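Residue numbers (my numbering): 172 to 494.
Ideal placement from N, C-alpha and C gives every residue a C-beta, glycine not left out.
Fair warning: this is a prediction, and the values are worked out from it, not measured in the lab.
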């Protein structure tokens, strides 16, 4: 028998914010004498509230399990594990020290990559440390620097979104905790909208049309879903949903202005990292003790996003593309 009590979904209970002080930079402080250590044993953050918020993961995983149980033979389910991982380095075996990494950089690299070293979550930085030293990425960072994206001293009235400290906000979902990946195109280009999570807007900002459409689709699929009155998806990110844009920055008022500058190649590598290691920290995962990833749900919305997941194995992962 189903309960008649209404279900509270997603982020219906809006978290209080300190409007007087504004958003706080997500800056990590690393001890200068830190020894080499492994940063990947991050556990899922538990979000506490008066009402239980049913997450996007709850809904997707529930429907997926039902489909597999009813229509797939048991042999099919065995194939859901990641294939070809025998020679893959275990995530928990990758040693990484931020301070030692910074010391290894050339002077220009230290300046250009300080933002990544200070604000990118450590499991992601460890996985992408070689990628951000490649020539294409350094060229991208030079372009952004010329347009005013400096760190840690950020110019006033910067016309690039999101703010520098939020460019890598998506990485606050640790690599080993990823359950679902939602891929968008580029950040919102209006003032005070983008904050580093695709389709999400900052508290107090009107819900944009793209997010209203997502809420409408959820309502159609799950009639008990009550769309929230705000568009902040931070609760999704805290519960294992990686909210990744194809391009991570945009000029104010100019959609797609930073496309084909290098972000697409970088976010391809983000997807590759999830393909290898996504969900490795989750206790329910059969791969939790192996150091390699598990099957992850990928939702690609838009033609740009579809290109990011085109190479994924749909047997290992649950991939859905909407263009």
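Where does the unbroken alpha helix (DSSP H) through residue 385 begin, and where does it stop?
Position 214 of the chain shown, counted from the start, is the residue given in the question as residue 385. Start and end: 380-392.
Assuming residue 315 contacts residue 417 (C-beta within less than 8 angstroms), just tell me the rounded distance between them.
Your numbering for residue 315 matches position 144 in the chain shown. Your numbering for residue 417 matches position 246 in the chain shown. Wrong, their Cβ atoms sit about 16 angstroms apart, outside the cutoff.
From the DSSP output, in three-state form, read off residue 303 for me.
Reading the chain shown from its first residue, position 132 is the one you call residue 303. If DSSP states are grouped into helix, strand and coil, residue 303 belongs with the helices.
What are the boundary residues of the beta strand (DSSP E) that includes residue 471?
Taking the chain shown and counting its residues from 1, the one referred to as residue 471 is at position 300. Residue 471 -> beta strand (DSSP E) spans 468-472.
Which word fits residue 268, buried or exposed, when buried means at least 16 other C-beta atoms lie within 10 angstroms of its C-beta?
If you number the chain shown from 1, residue 268 lands on position 97. With 16 or more Cβ atoms within 10 Å of its Cβ, residue 268 is classed as buried.
Take the Cβ of residue 408 as the centre, count every other Cβ of all protein chains shown within 10 Å, and call the residue buried at 16 or more, exposed below.
What you label residue 408 is simply residue 237 of the chain shown in a count that begins at 1. Label assigned to residue 408: buried.
Rounded to the nearest angstrom, what separates residue 385 and residue 494 at their Cα positions?
Taking the first residue of the chain shown as position 1, residue 385 is located at position 214. Taking the first residue of the chain shown as position 1, residue 494 is located at position 323. Between residue 385 and residue 494, the C-alpha separation is close to 13 angstroms.
Can you look up residue 376 in the DSSP assignment and give me helix, strand or coil?
Looking up residue 376 in the chain shown gives position 205. DSSP, reduced to helix, strand and coil, places residue 376 outside both helices and strands of the structure shown, so it counts as coil.
Which of helix, strand or coil does DSSP assign to residue 438?
As a working mapping, residue 438 is identified with position 267 in the chain shown. It is helical.
At least three beta-carbon pairs within less than 8 angstroms, the stretch 460-474 to the stretch 349-360
Result yes; three or more Cβ-Cβ pairs closer than 8 angstroms.
When DSSP labels each residue in this structure, what does residue 489 get in the three-state scheme?
Here residue 489 refers to the residue found at position 318 when the chain shown is read from its first residue. Correct three-state label for residue 489: strand.
Using DSSP's beta-bridge definition, name the partner residues of residue 416.
Indexing the chain shown from 1 puts residue 416 at position 245. The beta-bridge partner set that DSSP reports for residue 416 consists of 355.
If we ignore side chains and look at the alpha-carbon of each, how far apart do residue 198 and residue 376 end up?
One-based indexing of the chain shown puts residue 198 at position 27. One-based indexing of the chain shown puts residue 376 at position 205. Only weak support exists for where residue 198 lies, its pLDDT of 47 falling under 50; the value from the coordinates is given anyway. Answer to the nearest angstrom: the Cα atoms are 24 angstroms apart.
Pick from 388, 472, 492, 444 that is closest to residue 348, judged by C-alpha positions:
Here residue 348 is taken as the residue at index 177 of the chain shown, counted from 1. Selected option, being the one with the closest Cα: 444.
Environment of residue 424 [buried if 16+ CB atoms lie within 10 Å]
In the chain shown, residue 424 corresponds to position 253, counting from 1. Result: exposed.
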